[in-house]
Amino acid sequence: MGMTFLIRLRDKLKLLFLDAVILSIMPLLAVLLRFEGVIPEHEAGILRVWLLPATFIGIGIFYLFGMYHRIWHYARIRDLYAIVGAVTLFSAGKFLLLFIAGEELPKSVFLISWMLTLGGIGLSRLAFKINLDIFTDKQTEQHSVLIIGAGDAGAMLVREIEQNDAATVRIVGFADDDVKKIGNRLAGFSILGAIDQVPDIVEAHHVEHIIIATPSAEGHEIRRITEICRRTHCKVKIMPGLYEMMDTGKQDKGLRQLREIRLEDLLRRDPIELDFDKITHYIAGKTILITGAGGSIGSELSRQISRVGAKEILLLGRGENSIYEIYQELKMKFPEQHYRTIIANITDKVRMEEVFRQYHPQVVFHAAAHKHVPLMEIQPAEAVQNNVFGTKNVAELADAYKSEIFVLISTDKAVNPTSVMGATKRTAELVLQEINQHSMTKFVAVRFGNVLGSRGSVVPLFERQIAAGGPVTVTDPEMTRFFMTIPEAVQLVLQAGSQAEGGEVFLFDMGDPVKINDMACDLIRLHGHVPNQDIRIVYTGLRPGEKLYEELLTSEEGTTSTKHKKIYKAHITPIETNVLTQYLDKLLTNRDATDILQSLKKLIPTYKSKQLEMLERK
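In this text, residue positions in the sequence shown follow my numbering: the first is 121, and each later residue adds one.
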């Protein structure tokens with residue numbers, strides 16, 4: 121910022137000096153032209169007395185017209201109007217001043233002076249327009265930029281670059297696929313061709329940087345644009361997607377709002393339309409408890425709830441570092457929102473009751489869970505304690521202390537589970553449905569697939585493997601998963617909570633499943649490498665508890681649409697209370713792996729465990 125200020129100050133002083141020279145010389149030159157190279161004594165006397173004051177008056181008029189506050193690198197027609205207006209007013213002022221003083225000059229002198237001054241001022245601005253440094257005779261060092269997307273976002277980006285980065289950026293124009301736009305101008309710059317023509321445009325205009333300014337584009341379009349840009353060897357940045365631009369904590373302007381292309385850009389879907397009135401109705405002014413508040417989903421829940429205006433947000437987690445970090449972030453972004461940090465283990469019912477007794481949360485978002493599939497396979501007792509009985513503790517306390525709404529963050533792995541993690545999450549859903557039958561609290565669960573960037577997800581692993589030079593490990597070339605971004609998932613969680621009537625299991629529209637192998641290739645390319653040339657992909661086989669394909673519904677379940685087009689309600693029959701109690705008692709008192717897996721299998725008939733089959737064969 122300091123360097124940019126100095127550059128702008130230098131340019132302003134340079135223009136002011138040039139204007140002073142032009143305003144001083146042009147009247148003299150006008151008299152010489154009028155009298156064919158000779159300055160009569162009368163006219164010479166007038167010039168000696170009035171030339172310097174007139175120059176200062178002219179500088180003042182130019183200042184009032186904003187001649188030293190305009191960015192002449194990006195001069196437009198309105199800037200030309202300003203030049204004509206300022207020079208005309210200056211010439212008229214000189215005429216009036218001399219008339220009042222009783223001094224006479226031929227009227228043609230004023231006309232010639234006006235024309236010469238207009239030409240001189242115009243040429244001085246043209247020098248800046250074509251980026252010439254007339255003092256050093258060197259070209260100002262700027263980066264040439266092509267903007268992809270000749271829409272509102274592109275126009276906004278131009279304005280912000282003009283205001284913040286004009287000294288270092290030279291915009292060459294736009295590329296856009298709308299044939300009606302090609303050949304026209306936007307924000308003063310030409311729309312040079314279609315996106316497929318970007319490599320040719322780059323070569324013809326010596327483009328160094330490309331900016332993708334299509335925040336509403338879907339993932340397949342971003343993928344296509346990225347592939348085209350990759351053929352140019354330009355540095356490529358992207359304007360954040362709409363969900364990201366909603367982050368009120370972002371204050372970046374101009375080029376500072378841009379970032380590198382990420383995997384989530386390639387998976388973009390239509391922006392989620394939220395009913396903020398309904399969300400506000402059940403959250404605003406309420407005490408909100410978020411368990412697992414330091415985790416991926418919990419932390420994003422705390423951010424988005426902070427924008428709604430809760431009375432108090434309780435940030436509960438077992439790890440003090442993660443809770444401290446999210447608390448510091450939130451206090452910086454939302455200083456008016458009141459928070460409390462609570463270090464507690466959800467499996468400790470005594471401690472959790474202290475929390476409910478002290479704060480009486482009206483809405484509970486239960487995001488705390490063990491979710492790492494392979495790790496839970498080898499320690500099922502911990503998965504049961506945390507995912508089942510931890511959930512049961514918090515849910516029973518929400519019922520006892522008359523919370524209004526309880527939202528469980530579940531998973532697609534709860535459907536026809538093949539892992540301990542999935543089976544315990546399905547059991548947690550059953551627990552909620554049972555409690556809901558005799559409670560005034562509305563208990564609901566929300567199922568969704570993988571979220572990009574969450575802890576323990578595949579994307580951070582691939583990133584580390586690429587950074588190390590490979591190989592990137594993929595379990596199976598045909599493995600697919602549902603993905604959405606963390607902000608998308610949380611937006612739908614909040615919306616689902618507003619639709620709670622009690623006992624529902626909500627499903628999210630996750631879009632089309634994504635091949636993990638394709639994702640690995642995309643990440644490798646985004647880092648500037650070629651898959652299986654620069655970075656190898658190695659197939660390692662399915663890990664314990666993993667599915668080849670994820671599901672959102674069992675064969676017995678159906679769905680009903682809701683008022684939100686991306687949220688569905690599963691048709692699930694609650695389990696009989698005595699059956700649930702019987703197997704929960706066994707799970708509570710038994711830590712033997714075989715017994716735990718057998719109890720889960722009996723509780724959830726669709727559970728298929730290879731680990732259990734192996735243990736039973738021994």
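Ideal Cβ placement from N, Cα and C applies to all residues, glycine included.
Taken atom to atom, the span from the alpha-carbon of I655 to that of P500 is near 36 Å. By the beta-carbon neighbour count (other beta carbons within 10 angstroms, threshold 16), T538 is buried. In the DSSP assignment, R168 falls within the alpha helix (DSSP H) that extends over 161–184. Take the alpha-carbon of G617 and the one of F476: they are about 20 Å apart.
A check of alpha carbon separations from K300 across G271, P319, V527 identifies G271 as the nearest. Taking a C-beta distance under 9 Å as the contact criterion, I529 and Q619 do not qualify as a contact pair.
By the Cβ neighbour-count rule, T697 is exposed, with fewer than 16 other Cβ atoms within 10 Å of its own. Residue pairing of K728 in beta bridges, as defined by DSSP: absent, with no partner found. A direct Cα-Cα distance of roughly 35 Å separates I358 from I408. Selection Q262, G418, L217 evaluated against I606 yields G418 as nearest (Cα-Cα). Of the residues T714, V634, Y703, L700, the one whose Cα lies closest to the Cα of G339 is V634. Rounded to whole angstroms, the Cβ separation of L720 and T547 is 7 Å, and the two are in contact under 8 Å.
Short of 6 Å from the beta carbon of K706, and not among the five residues preceding or following it, lie these beta carbons of its own chain, in chain order: S719. One alpha carbon belongs to D532, the other to A609, and they sit about 13 Å apart.
In this structure, the beta-carbon distance from V658 to P580 does not fall below 9 Å. F294 sits close to I311, with the two beta carbons spaced by under 9 Å.
Contact between L708 and E554 does not hold, since their C-beta atoms are separated by about 15 Å, which reaches or exceeds 8 Å.
In the structure shown, A534 falls within a helical segment according to DSSP collapsed to helix, strand and coil. Here V207 is actually not in contact with L266; their C-beta atoms are around 35 Å apart, not less than 8 Å. In terms of CA proximity to Q457, R427 leads the group R427, F485, F568. Judged by beta-carbon spacing, L450 lies beyond the 9 Å limit of T511, meaning their Cβ atoms are not closer than that value. For A543, the three-state secondary structure derived from DSSP is helix. With respect to I466, V514 sits close: the two C-beta atoms are nearer than 9 Å.
Following the DSSP letters along the chain, one finds I302 in no alpha helix (DSSP H), marked with neither H nor E.
Between the C-alpha atoms of V594 and N536 there is a straight-line separation of about 23 Å.
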